[in-house]
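Residue numbers (this note's numbering): 439 to 771.
Each residue gets a CB set at the ideal place from its N, CA and C atoms; glycine is no exception.
Working notes, beginning with the structure itself.
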């Protein structure tokens with residue numbers, strides 16, 4: 439079927455093979471491939487915005503190129519384009535891989551259309567020069583600039599941290615904020631671990647965001663993609679090589695390496711434990727401080743709570759170390 443645009447059924451157009459097809463109204467450009475059952479598609483998105491990490495809306499009219507092994511189906515009645523089979527979508531430096539990729543479009547009223555929602559399903563992997571994300575499904579809304587990633591687990595990696603969640607990760611690319619829910623697990627490159635029910639990660643803003651958009655892209659520096667602050671809620675747990683710190687709420691400053699925890703705080707070091715209500719943990723220096731109340735607050739004059747230290751007795755064995763139990767003395771019947 440050389441020169442054929444594909445298979446037409448009702449209001450559906452299925453693209454397969456190596457034909458070159460141009461849909462001028464939708465700015466959809468078919469790309470040739472050397473092997474059978476492969477199709478390429480370019481979908482123009484016209485949302486000028488500086489690129490930052492996992493942003494889908496790069497500056498200018500940079501299109502999305504979609505390659506699919508099993509073909510691309512244009513469903514005119516539903517106003518959507520579905521690509522199936524080892525799909526790879528690329529826009530600038532951003533790459534999306536999935537089993538199925540669906541683009542929902544709408545009429546612009548100017549004789550052309552624009553994509554307003556993208557959905558990737560099955561083995562989803564999204565990569566930029568500074569960040570990667572993976573999961574079972576990803577939904578991106580162009581208007582709100584929100585990326586919702588679900589999976590078991592959903593995963594977001596930056597140059598300094600890896601964040602996983604059993605529920606979902608919502609990434610607001612305009613605010614550079616990611617919210618992870620459901621048994622969240624964060625590991626830093628130094629091996630420190632933070633666990634909580636919900637974690638909000640604030641990433642550094644793109645250095646180019648306040649620059650004149652007419653400035654040459656060659657002069658723009660890439661975004662760092664690093665997390666600057668983590669806010670944790672619900673059964674917060676911080677693990678270091680020497681101790682475990684627990685609380686109900688926690689804030690971690692990635693620049694200073696200092697974490698603060700509140701609400702029934704417990705610091706465990708080996709068999710010893712310290713209880714309080716407010717802790718300051720310097721993860722870089724390896725120093726922890728525990729208080730009965732927030733230093734400088736009026737609460738400490740109203741509460742009778744005190745910091746409590748529990749020291750486990752050291753039991754000696756024949757080699758001068760510790761042992762689990764003392765077996766000397768009379769035995770039971």
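Using C-beta distances below 7 angstroms, list every residue in its chain close to residue i, excluding the 5 sequence neighbours before and after it, in chain order.
{"i": "residue 706", "result": "681 and 682"}
{"i": "residue 714", "result": "703, 728, 729, 730 and 745"}
Are the CB atoms of residue j and residue i within a distance shorter than 9 angstroms?
{"i": "residue 631", "j": "residue 625", "result": "yes"}
{"i": "residue 732", "j": "residue 726", "result": "no"}
{"i": "residue 529", "j": "residue 503", "result": "yes"}
{"i": "residue 585", "j": "residue 572", "result": "no"}
{"i": "residue 518", "j": "residue 543", "result": "yes"}
{"i": "residue 628", "j": "residue 721", "result": "yes"}
{"i": "residue 546", "j": "residue 562", "result": "no"}
{"i": "residue 622", "j": "residue 634", "result": "yes"}
{"i": "residue 772", "j": "residue 617", "result": "Residue 772 lies beyond the residue range present for the chain, which begins at 439 and ends at 771; the question has no answer from this structure."}
In the DSSP assignment, find the beta strand (DSSP E) that holds residue i and state where it starts and stops.
{"i": "residue 572", "result": "570-579"}
{"i": "residue 635", "result": "631-641"}
{"i": "residue 509", "result": "509-513"}
{"i": "residue 730", "result": "Segment: none, residue 730 is in no beta strand (DSSP E) and carries neither H nor E."}
{"i": "residue 559", "result": "551-565"}
{"i": "residue 523", "result": "518-529"}
{"i": "residue 546", "result": "That residue, residue 546, is in no beta strand (DSSP E); it is neither H nor E in DSSP."}
{"i": "residue 503", "result": "501-506"}
Enumerate in chain order the residues of its own chain whose CB-to-CB distance from residue i is below 6 angstroms, with the five nearest sequence positions on each side excluded.
{"i": "residue 525", "result": "506, 536 and 539"}
{"i": "residue 565", "result": "533"}
{"i": "residue 523", "result": "506, 507 and 508"}
{"i": "residue 701", "result": "685, 686 and 687"}
{"i": "residue 649", "result": "The predicted model places residue 649 with a pLDDT of 42, which falls under 50 and marks its position as unreliable; any figure quoted below should be read in that light. Result list for residue 649: empty, nothing under 6 angstroms."}
{"i": "residue 527", "result": "502, 504, 534 and 539"}
{"i": "residue 521", "result": "504, 506, 510 and 539"}
Please work out which residues of its chain come closer than 8 angstroms, Cβ to Cβ, to residue i, disregarding the five sequence neighbours upstream and downstream, and give them in chain order.
{"i": "residue 581", "result": "554"}
{"i": "residue 716", "result": "698, 699, 700, 703, 728, 729, 730, 731, 732 and 733"}
Could you tell me if the beta carbon of residue i falls within a distance shorter than 8 angstroms of some heavy atom in the ligand NAP?
{"i": "residue 669", "result": "No copy of the ligand NAP occurs in the structure displayed, which carries no ligand at all."}
**OP:** Within the region 577-622, note down every full beta strand (DSSP E) run reaching 3 residues or more, in order along the chain.
**Re:** Considered as a whole, the region 577-622 harbours 584-588, 592-595, 599-603 and 606-610 as its complete beta strand (DSSP E) runs of no fewer than 3 residues, in chain order.
(request) Give a yes or no on contact between the region 579-598 and the region 664-679, applying the rule of three or more CB pairs nearer than 8 angstroms. (result) The region 579-598, when compared against the region 664-679, does touch it at the 8 angstroms Cβ threshold.
Requested in this report: Any chance you could list the alpha helix (DSSP H) runs of at least 4 consecutive residues sitting entirely within the region 654-727, in chain order?
Outcome: Counting only runs of 4 or more, we get nothing.
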